[in-house]
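In my numbering, the protein residues as written are 85 to 594. The beta carbon of each residue, even a glycine, is placed where N, CA and C say it ideally should be. Working notes for the structure below.
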Amino acid sequence: MNRKKIALLALVAFGALMAVPAVGLAVTPATLSHDASSVPSDFSPGIAINTLWVVVAATLVIFMQAGFALLEIGFSRGKNAGTIVAKILTNFSIAALMWWICGFALAFGNGKYVGNSGGFLFKMPALADGVPGGGYAQSVFGVMSFSSASVSSKFLFQMSFCAVSLAIVWGTTLERIKFGAYIIYAVVFAGLIYPLGAHWVFGGGFLQSGGWIGGIVGVQDFAGSTAVHLIGATGALAALLLLGPRRGKYGPDGKPRAIPGHNMPLFGLGVIILLIGWIGFNGGSTLNAIDGRFPEVVTITMVAAGAGVLMALLVAKLKTGNIDIGMAGNGMIAALVAITAGSGYVALWAAPIIGGVAGIIVVLGVYAIDKKIDDPVGALSAHGLAGIWGTLACGIFTVPALAKYNAFGDPAGGLVYSGSFKQLIAQAVTVVVAFTFVFAMSFVTFWVIKKTYGLRVTPAEENAGLDISEHGMYGYPEQFIPAPELVGYGAVPALDRIGTGPVSDPEVTA
Numbered sequence: 085m086n087r088k089k090i091a092l093l094a095l096v097a098f099g100a101l102m103a104v105p106a107v108g109l110a111v112t113p114a115t116l117s118h119d120a121s122s123v124p125s126d127f128s129p130g131i132a133i134n135t136l137w138v139v140v141a142a143t144l145v146i147f148m149q150a151g152f153a154l155l156e157i158g159f160s161r162g163k164n165a166g167t168i169v170a171k172i173l174t175n176f177s178i179a180a181l182m183w184w185i186c187g188f189a190l191a192f193g194n195g196k197y198v199g200n201s202g203g204f205l206f207k208m209p210a211l212a213d214g215v216p217g218g219g220y221a222q223s224v225f226g227v228m229s230f231s232s233a234s235v236s237s238k239f240l241f242q243m244s245f246c247a248v249s250l251a252i253v254w255g256t257t258l259e260r261i262k263f264g265a266y267i268i269y270a271v272v273f274a275g276l277i278y279p280l281g282a283h284w285v286f287g288g289g290f291l292q293s294g295g296w297i298g299g300i301v302g303v304q305d306f307a308g309s310t311a312v313h314l315i316g317a318t319g320a321l322a323a324l325l326l327l328g329p330r331r332g333k334y335g336p337d338g339k340p341r342a343i344p345g346h347n348m349p350l351f352g353l354g355v356i357i358l359l360i361g362w363i364g365f366n367g368g369s370t371l372n373a374i375d376g377r378f379p380e381v382v383t384i385t386m387v388a389a390g391a392g393v394l395m396a397l398l399v400a401k402l403k404t405g406n407i408d409i410g411m412a413g414n415g416m417i418a419a420l421v422a423i424t425a426g427s428g429y430v431a432l433w434a435a436p437i438i439g440g441v442a443g444i445i446v447v448l449g450v451y452a453i454d455k456k457i458d459d460p461v462g463a464l465s466a467h468g469l470a471g472i473w474g475t476l477a478c479g480i481f482t483v484p485a486l487a488k489y490n491a492f493g494d495p496a497g498g499l500v501y502s503g504s505f506k507q508l509i510a511q512a513v514t515v516v517v518a519f520t521f522v523f524a525m526s527f528v529t530f531w532v533i534k535k536t537y538g539l540r541v542t543p544a545e546e547n548a549g550l551d552i553s554e555h556g557m558y559g560y561p562e563q564f565i566p567a568p569e570l571v572g573y574g575a576v577p578a579l580d581r582i583g584t585g586p587v588s589d590p591e592v593t594a
């Protein structure tokens with residue numbers, strides 16, 4: 085058969101494939117009549133519009149997994165690049181399944197201390213309670229019932245948040261944690277730790293509803309500075325204390341040594357993807373498109389991000405004399421994390437203040453933490469310290485009108501407006517409670533894993549890189565030529581990561 089006949093057959097086959105969806109989507113009078121009768125009488129186009137926005141926002145947040153992957157690959161050494169791909173895929177998969185099994189019900193079901201409505205195994209019939217794709221009455225997940233978006237779209241959106249929080253934990257443990265150990269923790273985190281913490285802070289639990297101690301008001305955390313980012317960073321801290329630093333990170337004198345990442349362009353691309361994802365992260369937390377609030381939330385978010393980058397660059401330049409690319413990226417992330425709590429509560433003028441302070445905090449925090457704890461990506465500072473600052477900032481800058489609109493916290497607003505510390509105290513108490521709970525649960529979980537399954541790879545596996553020792557392949561095969569006597573498991577690259585010479589120190593090269 086000549087090439088022309090093959091091309092003709094391929095064209096016919098392609099046309100047939102394109103025709104199949106068209107046939108399936110063709111609307112006849114009969115199907116149109118059937119579809120119209122299926123729509124409930126009280127159905128409003130607003131339901132569809134709000135649902136569409138929440139799904140679009142969820143898509144943007146899910147895309148943040150790609151940003152985390154590129155950021156972590158850029159900050160890691162080449163011999164550990166491939167394992168991050170496996171981690172991201174596994175991270176999302178575990179979050180999705182555990183959110184379906186029990187996470188969503190625990191986090192957003194009605195209840196003061198634990199969600200007790202919705203049950204296990206989220207159900208999603210085609211039509212329920214007059215909401216297409218809803219699956220449940222809005223009242224089952226009361227804290228989100230202000231939005232007419234379908235419950236299924238809210239499930240998807242909040243599931244993406246769980247995946248983000250879980251990704252924060254992994255990033256700090258790069259290059260030395262067992263893949264299986266991370267999977268075990270991920271199941272516990274996504275199925276229990278994160279849902280409970282999120283429920284307390286922004287799922288309608290006792291910290292958000294307020295009044296659980298005296299006259300303390302409810303916490304204000306619009307999109308998760310504490311509920312997502314601080315919780316993830318706290319789990320990471322527990323892991324690092326038990327895991328220890330990478331080999332070669334600290335010299336004989338105990339001083340930290342730089343272990344540079346191998347690809348800063350990938351890191352930068354990852355940060356930009358995270359920035360785009362934050363449009364859905366904060367903007368989608370309105371759970372509404374009809375009320376028109378989400379553009380304001382997104383604008384506040386972007387302004388804060390810009391201030392964070394500039395302040396981080398300035399502080400890094402003053403401290404080191406260099407325009408640090410890594411600090412610029414982490415400055416943006418820290419600002420985004422910080423404004424996450426207040427994006428739906430503060431005025432635009434407060435955004436550059438919150439973002440700029442976060443940019444300062446992240447640089448100083450990274451250098452301080454690095455003296456004792458090996459955090460390759462700076463997440464403890466960018467997500468932890470910035471998350472704390474962002475949560476506290478609501479107690480200072482919350483606008484009274486927005487406090488009333490969101491119906492959480494002191495209606496008089498933050499310190500700047502009310503002159504009262506009432507909201508700031510509630511924010512501080514929330515930080516302490518959330519940190520204590522997540523750290524205790526995570527530390528115990530990692531300790532049990534360490535004593536049973538094991539937490540860390542062997543020195544030989546770490547020297548070889550997790551790509552070859554855990555996955556049997558290299559992320560960049562062309563850059564690694566194994567020594568003949570070490571071919572296979574535990575192989576140590578014979579050349580450095582750019583292939584120019586022999587490895588001089590396997591602990592800090594390759």
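In the assembly as shown, residue 197 is an exposed residue. Its beta-carbon has fewer than 16 other beta-carbons within 10 Å. It is roughly 10 Å from the alpha-carbon of residue 375 to the alpha-carbon of residue 231. Note on residue 336: under 16 other CB atoms within 10 angstroms of its CB, so exposed under the neighbour-count rule. Look at residue 301 here: in three-state DSSP terms it is coil, with no helix or strand label. Cβ neighbours of residue 142 within its own chain (closer than 8 Å, five residues either side excluded): 237, 240, 241, 243, 244, 364 and 368. In the structure shown, residue 157 adopts helical secondary structure according to DSSP, grouped into three states. Taken atom to atom, the span from the alpha-carbon of residue 515 to that of residue 485 is near 24 Å.
Look at the beta carbons and you see the stretch 273-288 not touching the stretch 332-346: under three pairs across the two are nearer than 8 Å. Residue 424 carries a helical assignment under DSSP once its states are collapsed to helix, strand and coil.
Listed in chain order, the non-local C-beta contacts of residue 525 below 7 Å within the same chain comprise 277, local neighbours out to five positions each way being set aside.
Between residue 432 and residue 359, the C-beta gap is not smaller than 8 Å, which leaves the two residues out of contact.
Taking 8 Å as the cut-off, the Cβ atoms of residue 474 and residue 426 count as close. Looking at the backbone, the Cα of residue 429 and that of residue 388 are separated by about 14 Å. DSSP places residue 266 in the helix class (H, G or I) of the three-state scheme. At least 8 Å separates the beta-carbon of residue 371 from that of residue 557. Within a 10 Å sphere around the beta-carbon of residue 200 sit fewer than 16 other beta-carbons, which makes this residue exposed. Beta-bridge partners assigned by DSSP to residue 430: 482.
Residue 340 carries a strand assignment under DSSP once its states are collapsed to helix, strand and coil.
The DSSP-derived three-state label of residue 453 is helix.
In the three-state reduction of the DSSP assignment, residue 197 falls in the coil class, being assigned neither a helical nor a strand state.
Under the 8 Å Cβ criterion, the stretch 186-196 counts as touching the stretch 288-300, having at least three qualifying pairs. Three or more beta-carbon pairs separated by less than 8 Å are not found between the stretch 437-452 and the stretch 491-499, which leaves the two stretches without contact. As DSSP reads the structure, residue 261 sits in a beta bridge with 540.
Under the 8 Å Cβ criterion, the stretch 316-325 counts as touching the stretch 252-262, having at least three qualifying pairs. From the listed residues 303, 435, 297 and 283, the smallest Cα separation to residue 190 is found for 283.
Relative to the Cα of residue 188, the nearest Cα in the group 555, 154, 155 and 273 belongs to 273. Assigned with DSSP and collapsed to three states, residue 334 falls in strand. For residue 413, the closest C-alpha among the options 356, 402 and 398 is that of 356. DSSP, read as helix, strand or coil, puts residue 296 in coil. Under the three-state reduction of DSSP, residue 461 is assigned to coil, being neither helix nor strand.
Between residue 137 and the set 234, 422 and 292, the nearest pair of CA atoms involves 234.
247 is the residue among 334, 139 and 247 whose C-alpha sits nearest the C-alpha of residue 152.
Going by DSSP, residue 246 is part of the alpha helix (DSSP H) stretching over 235-256. The alpha carbon of residue 262 has as its nearest neighbour, out of 548, 559, 506 and 540, the alpha carbon of 540.
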